[in-house]
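Remember, this note's numbering sits 215 above the position in the sequence shown when you count from 1.
Ideal placement from N, C-alpha and C gives every residue a C-beta, glycine not left out.
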Amino acid sequence: MNFQALQTIAMLIISNIFMTCAWYGHLKMKQQFSWFEHLPLIGVILFSWFLAFFEYCFQVPANRIGFRDNGGPFSLIQLKVIQEVITLVVFVVFSTIAFKGESFKWNHALAFVFLVAAVYLVFKK
216 MNFQALQTIA MLIISNIFMT CAWYGHLKMK QQFSWFEHLP LIGVILFSWF LAFFEYCFQV
276 PANRIGFRDN GGPFSLIQLK VIQEVITLVV FVVFSTIAFK GESFKWNHAL AFVFLVAAVY
336 LVFKK
């Protein structure tokens, strides 16, 4: 795997950490911080947009660096499948750490196996 591929994947991981925090972090913050619990919905949306800004600061360059037509190693479909698998991995780690009540079940594991199979199929010549 070349440097561009590693750089793309690393940036996609960072991007997805910000995305997951923007999409789901406010649910945990509401439980932990009384000031956050009393924010109106628009305040929660603005907080999430703030985090999403950093998501885009990594997502957009990752796609530009990684896309084959820009000299990168990945096709558009490969980039999307990689991003989806990273999203799932980041979400599972996040939900396991932040939300102790959520559990990872056998059907979730099987779905994950199918997504990994999708990555394999997308990269198969």
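**Q.** N-terminal and C-terminal residue of the alpha helix (DSSP H) that Ala324 is part of
**A.** The residue labelled residue 324 in the question sits at position 109 within the sequence shown. In this chain, the alpha helix (DSSP H) harbouring Ala324 covers 321 to 338.
(Q) Do Ser263 and Ala237 have their beta-carbon atoms positioned less than 8 Å apart in this structure? (A) What you label residue 237 is simply residue 22 of the sequence shown in a count that begins at 1. What you label residue 263 is simply residue 48 of the sequence shown in a count that begins at 1. Against a cut-off of 8 Å, the Cβ pair of Ser263 and Ala237 comes out as a contact.
Q.
Quick check on the DSSP output: the alpha helix (DSSP H) that includes Leu254 runs from which residue to which?
A. Taking the sequence shown and counting its residues from 1, one reaches residue 254 at position 39. Annotation for Leu254: no alpha helix (DSSP H) segment contains it, and DSSP assigns it neither H nor E.
Q.
Using only CA atoms, which one of Gly258, Ile257, Gln298 lies nearest to Val275?
A. Within the sequence shown, the letter at position 60 stands for residue 275. Of the candidates Gly258, Ile257, Gln298, Gln298 places its Cα closest to the Cα of Val275.
Q. So Val300 and Val331 are in contact, right, with Cβ under 8 Å, and what is the actual spacing, rounded?
A. Within the sequence shown, residue 300 is the residue found at index 85, counting from 1. Within the sequence shown, residue 331 is the residue found at index 116, counting from 1. Right, the Cβ-Cβ distance comes to about 7 Å (below 8 Å), so this counts as a contact.
(Q) Pull the bridge partners of Phe289 from the DSSP assignment, please. (A) In the sequence shown, the residue the question calls residue 289 occupies position 74. Beta-bridge pairing links Phe289 to Phe282.
Q: From the DSSP output, in three-state form, read off Lys245 for me.
A: Taking the sequence shown and counting its residues from 1, one reaches residue 245 at position 30. Three-state result, Lys245: helix.
**Q.** Per-residue burial, Gly240 [other beta carbons within 10 Å of its own, 16 or more giving buried]
**A.** Against the sequence shown, residue 240 aligns to sequence position 25. Counting Cβ neighbours within 10 Å, Gly240 comes out buried, since at least 16 surround it.
Q | Ser318, DSSP secondary structure in three states | A | In the sequence shown, residue 318 corresponds to position 103, counting from 1. Ser318: coil per DSSP, three-state reduction.
Q) Nearest-angstrom Cα distance between Gly286 and Phe233? A) Your numbering for residue 286 matches position 71 in the sequence shown. Your numbering for residue 233 matches position 18 in the sequence shown. Looking at the backbone, the Cα of Gly286 and that of Phe233 are separated by about 26 Å.
Q: Go ahead and pull the three-state DSSP assignment for Asn231.
A: Position 16 of the sequence shown holds residue 231. In the structure shown, Asn231 sits in a helix (DSSP, three-state: H, G or I).
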